[in-house]
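In our numbering, the protein residues as written are 1127 to 1473. Report on the structure given below.
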């Protein structure tokens, strides 16, 4: 099935938000129309399970866009509020992005993505444009959400979006694992978080290493976006040992069954809080995957096959690390993970 593009929600929002430049508030009818538009509903539902009271938060933001930001917003709400206000100020750039994406050859995006997935991977994709000040790209099953806030029209091409569609292909194979089917429902168990960590590292590792390597490398040139990006990369490179220690702490905490603590560490690892769009875990997992690609002990095909065999990730990385003189993952932690995975397979 070809990739289907959904731009109506973003177009509606841009049209409505543009009026606020003249201090014209959104009406109750406007807000009702926005929150019932099918593409926007898909976007909000994608956040519903992990951002508390998301519907009411967005409504409060929409009601106050002609004024100051509403009081009492949490960090998630503040980012969404910022995205809407950016759309008001930067209407022309976002409109240009919408027009360009509406004319894209999404079949070319599909072909670019399939180069980094196992044979037989179907791409059943839906692209939803959003005005999301928090998440530039997000994948939920076969639905990909791309935010116009973070898209720069001058650099857009069909290959630019393979990252999120790679996640869709990964998800197809992930759902086929029997232990995923058994353990993927209860987020309060050690077993769930073992799976969640492997899902994150393999999915983001391969997508960043192959589909968007520029996201985890320093860029040439200078402008506010490039400067912020390079500052993040330089910070991560200089602190890579501490990021690695954070990963090992996550593993250790999960294995110790300290779920609440593990959730907090995982969030620090996997979610960017700075607004630069590059979580620590994206950077580290991408670099770990790149090291596997450089290793003579692991073939390119074996790295791609991690999509189907994700639980080899740490073994492959350590093989590469020992060959290339990089920091390995604590072998004791890997052995403990293998024991837990073995027990999970027996259920």
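Ideal placement from N, C-alpha and C gives every residue a C-beta, glycine not left out.
Query - Assigned secondary structure, residue 1263 (DSSP; H/G/I helix, E/B strand, else coil) - result: As a first step, residue 1263 must be located in the chain shown, where it is residue number 137. In the three-state DSSP reduction, residue 1263 falls in the strand class (E or B).
State the Cα-Cα distance for the pair residue 1430 and residue 1473, rounded to the nearest angstrom. In the chain shown, the residue the question calls residue 1430 occupies position 304. In the chain shown, the residue the question calls residue 1473 occupies position 347. Going from the Cα of residue 1430 to the Cα of residue 1473 covers about 28 Å.
query: Going by other Cβ atoms of all chains shown within 10 Å of its Cβ, with 16 needed for buried, is residue 1352 buried or exposed?
result: Numbered from 1 along the chain shown, position 226 holds the residue referred to as residue 1352. Exposed, by the Cβ-count rule.
On the DSSP letters alone, give me the boundaries of the beta strand (DSSP E) that residue 1273 sits inside. Mapped onto the chain shown, residue 1273 falls at position 147. Element bounds for residue 1273: 1269–1273.
At the level of alpha carbons, what is the spacing between residue 1169 and residue 1255? Taking the first residue of the chain shown as position 1, residue 1169 is located at position 43. Taking the first residue of the chain shown as position 1, residue 1255 is located at position 129. Taken atom to atom, the span from the alpha-carbon of residue 1169 to that of residue 1255 is near 9 Å.
Applying the 10 Å Cβ sphere with the 16-neighbour rule, what's the burial state of residue 1130?
Against the chain shown, residue 1130 aligns to sequence position 4. In this structure residue 1130 is exposed. Its beta-carbon is surrounded by fewer than 16 other beta-carbon atoms within 10 angstroms.
Discussion item. If we require 4 or more residues per run, which alpha helix (DSSP H) segments fall completely within the segment 1153–1188?
Written reply: The qualifying runs are 1154–1162 and 1164–1174.
* Asked: Can you round the beta-carbon distance between residue 1226 and residue 1264 to whole angstroms, since I take them to be within the 8 Å contact cut?
  -> Position 100 of the chain shown, counted from the first residue, corresponds to residue 1226. Position 138 of the chain shown, counted from the first residue, corresponds to residue 1264. For a cut-off of 8 Å, the C-beta gap from residue 1226 to residue 1264 is around 20 Å, too long to register as a contact.
_According to DSSP, is residue 1255 part of a helix, a strand, or is it coil?_
On the chain shown, position 129 is the one that residue 1255 refers to. In the three-state scheme derived from DSSP, where H, G and I count as helix and E and B as strand, residue 1255 is classed as strand.
Assumed close pair residue 1257, residue 1210 - CB separation to whole angstroms, cut-off 8 Å: In the chain shown, counting from the first residue as 1, residue 1257 sits at position 131. In the chain shown, counting from the first residue as 1, residue 1210 sits at position 84. Their Cβ separation, rounded to whole angstroms, is 6 Å, which keeps residue 1257 and residue 1210 in contact under 8 Å.
Practice prompt. Assign residue 1322 to buried or exposed, taking buried as 16 or more other Cβ atoms, counted over all protein chains shown, within 10 Å of its Cβ.
Written response: The sequence position of residue 1322 within the chain shown is 196, counting from 1. The residue in question, residue 1322, is buried, as its Cβ has 16 or more Cβ neighbours within 10 Å.
Q. Beta carbon of residue 1380, beta carbon of residue 1388: below 8 Å?
A. As a position in the chain shown, residue 1380 is number 254, starting the count at 1. As a position in the chain shown, residue 1388 is number 262, starting the count at 1. Contact flag set, yes.
With a Cβ-Cβ cutoff of 8 Å, do residue 1412 and residue 1305 count as a contact?
In the chain shown, residue 1412 corresponds to position 286, counting from 1. In the chain shown, residue 1305 corresponds to position 179, counting from 1. No.
Assuming residue 1270 contacts residue 1252 under a Cβ cut-off of 8 Å, what Cβ separation, rounded to an integer in Å, is found between them?
-> Working through the chain shown from its first residue, we reach residue 1270 at position 144. Working through the chain shown from its first residue, we reach residue 1252 at position 126. Correct: roughly 7 Å between the Cβ atoms.
When the Cα of residue 1139 is compared with those of 1213, 1316 and 1310, which residue comes out closest?
Reading the chain shown from its first residue, position 13 is the one you call residue 1139. It is 1213.
Please classify residue 1233: is it buried, with 16 or more other beta-carbons within 10 angstroms of its beta-carbon, or exposed?
As a first step, residue 1233 must be located in the chain shown, where it is residue number 107. Exposed: under 16 other Cβ atoms inside 10 Å.
#### Entry: Nonlocal neighbours in the same chain, by C-beta distance under 6 Å from residue 1240, ignoring five residues either side
Here residue 1240 is taken as the residue at index 114 of the chain shown, counted from 1. The answer is none, since no qualifying residue turns up.
With 16 other CB atoms within 10 Å as the buried threshold, where does residue 1445 fall?
On the chain shown, residue 1445 is found 319 positions in, with the first residue counted as 1. By the neighbour-count criterion, in which a residue is buried when 16 or more other Cβ atoms sit within 10 angstroms of its Cβ, residue 1445 is buried.
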